[in-house]
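Read through the structure below, which is laid out as structure tokens, and then see the notes.
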Amino acid sequence: MPEDLDPVIHAPARLRVVASLAALGRGDELAFPKLRALLDMTAGNLSTHLRKLEDAGYVQVTKTHEGRMPATYLALTDKGRTAFADYQAALMDLLKGAQ
Numbered sequence: 058m059p060e061d062l063d064p065v066i067h068a069p070a071r072l073r074v075v076a077s078l079a080a081l082g083r084g085d086e087l088a089f090p091k092l093r094a095l096l097d098m099t100a101g102n103l104s105t106h107l108r109k110l111e112d113a114g115y116v117q118v119t120k121t122h123e124g125r126m127p128a129t130y131l132a133l134t135d136k137g138r139t140a141f142a143d144y145q146a147a148l149m150d151l152l153k154g155a156q
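Positions 58 to 156 (my numbering) are the ones given, in order, by the sequence shown.
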């Protein structure tokens, strides 16, 4: 893998997570079950990838309650948006070089 491609984002499942969250407006959040359904991932698999993204500072995970039910909301941080934009630029440069 070229060194310019962020290894945290480059994993296919995490790339799908980041791309999905990047489609939201700044400050907007997506509920965990909606993202899980959108990406057709198991809760455990999604949680594992979210943890890596959260540890990198790319995703903000907000746990709360709606009534008596726990709820988890996800958002891409500014650092995550910058990392994704850098990733996209590095990928485009790589693809241009392959032509």
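Quick reminder that beta carbons are idealized off the backbone N, C-alpha and C, glycines included.
Would you mind sorting residue i into buried or exposed? The rule is 16 or more other CB atoms within 10 Å of its CB.
i    : result
H122 : exposed
A140 : buried
L95  : exposed
L151 : exposed
D63  : buried
Could you work out which residue in the options is closest to residue i when comparing CA atoms only?
i    : options                : result
D85  : M149, R138, Q145, A146 : R138
K120 : S104, L152, A79        : S104
A80  : A113, L133, A88, P127  : L133
K91  : D63, A128, D143        : A128
R71  : K136, L151, E111, M149 : E111
G82  : D135, Y144, G154, R108 : D135
Using the three-state DSSP reduction, which class does residue i fall into: helix, strand or coil?
i    : result
T129 : strand
L96  : helix
L81  : coil
L72  : helix
L151 : helix
Could you spell out where the alpha helix (DSSP H) holding residue i opens and where it closes?
i    : result
E111 : 100-112
Could you give the first and the last residue of the continuous beta strand (DSSP E) run that contains residue i?
i    : result
T121 : 116-123
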